[in-house]
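Data block below; observations after.
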Amino acid sequence: MTRFLLLPLFLSVLQKLSALESTVDDVAATYKIEGQIIFPESFTAENGKLSPSQIFRKDGSFVVSGIPPGSYIIEISNIDYAFEPVRVDITSKGKIRARRLNLLQPSLVSSLPYPLRLNAVHQINYFRPREEWHLADILTNPMVLMMVVPLVLLVVLPKLVNEMTKTMPQMDVPDVSEMLASWFGGNPKKTKRTTTGNKKRQ
């Protein structure tokens, strides 16, 4: 009878031990991601925009602990500067690889050094400069060009044609009949000049 009572107790002890081993393995399989944020030289930490927190230190370095294996996206949000998102892959063996996040071409891998160094890409500008009025904007308007260009052609072209006809030299145009006769091998007929006058009486 005691054997049948000890068997369920032994099985329950084995289940608790396996559960404890699994929890220990899960805790041991966590890793950390570390890196540093690099701001431009014009940015200073004394202005209060980068204050120490639970993740970020004063120099911009950070460490995120207790991360199981998998793929993670690290993105920095700042009101003044834009940062490029980074993808971090952690294998089951603890190998960490970082690369640029490319949503359009996921197969294109651009590796990054680890620990991460996240540089500011550009400064965010929330305002656009007000557009100013220029005369060139009116002249380059398609509707204005369609109205002005034909008018200019109608006014200017006749004057140009008249001036060109005056300045061009008048060239002697040969007779068409003489040209045809010379082509067919005939001698052109010479015009006889008739002289009229009073004959002198001998």
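Mind the numbering: the sequence shown is residues -19 to -1, 1 to 183 in mature numbering (1 follows the signal peptide of the UniProt record, and there is no 0), read in order. In this text, a Cβ means the ideal position worked out from N, Cα and C, and glycines have one as well. On a predicted model such as this, the values are computed, not experimentally measured, just so you know.
Going by DSSP in three states, residue 264 sits in which element: helix, strand or coil? Residue 264 is absent from the model: the chain starts at -19 and stops at 183.
Rounded separation between P139 and V130 - CA only: Taking the sequence shown and counting its residues from 1, one reaches residue 139 at position 158. Taking the sequence shown and counting its residues from 1, one reaches residue 130 at position 149. P139 and V130: Cα-Cα distance of roughly 15 Å.
Fully enclosed by the segment 86 to 161, which alpha helix (DSSP H) runs are 4 residues long or longer? 116 to 120, 123 to 148
What residues in its chain sit with their C-beta under 6 Å from that of R68, if we drop five residues either side in the sequence? Residue mapping note: residue 68 aligns to position 87 of the sequence shown, counting from 1. So the qualifying residues of the chain are I54, R80, L82.
K13 to N106, Cα distance in whole Å? Stepping through the sequence shown from its first residue, residue 13 is reached at position 32. Stepping through the sequence shown from its first residue, residue 106 is reached at position 125. Using only the alpha carbons, I get a separation of about 34 Å.
Flag this pair as touching only if the segment 34 to 50 and the segment 119 to 130 have three or more C-beta atom pairs under 8 Å; answer yes or no. no
E15 versus S92 - alpha carbon distance: Counted from its first residue, the sequence shown places residue 15 at position 34. Counted from its first residue, the sequence shown places residue 92 at position 111. Cα to Cα, the separation comes out at about 16 Å.
DSSP three-state label for S163, please. By one-based count along the sequence shown, residue 163 stands at place 182. Reduced to three states, the DSSP call for S163 is helix.
Going by DSSP in three states, R38 sits in which element: helix, strand or coil? For the purposes of this step, residue 38 is taken as residue 57 along the sequence shown, with counting starting at 1. Coil.
Three-way DSSP call (helix, strand, coil) for A63 in this model: Position 82 of the sequence shown, counting from 1, holds the residue named residue 63. Residue state, collapsed to three classes: strand.
How far does the beta strand (DSSP E) with A79 in it extend, from its first residue to its last? Counted from its first residue, the sequence shown places residue 79 at position 98. Unbroken beta strand (DSSP E) run through A79: 77 to 81.
Which whole-angstrom value describes the C-beta separation of I71 and I48, a residue pair presumed to lie in contact below a C-beta threshold of 8 Å? Stepping through the sequence shown from its first residue, residue 71 is reached at position 90. Stepping through the sequence shown from its first residue, residue 48 is reached at position 67. Right, the Cβ-Cβ distance comes to about 7 Å (below 8 Å), so this counts as a contact.
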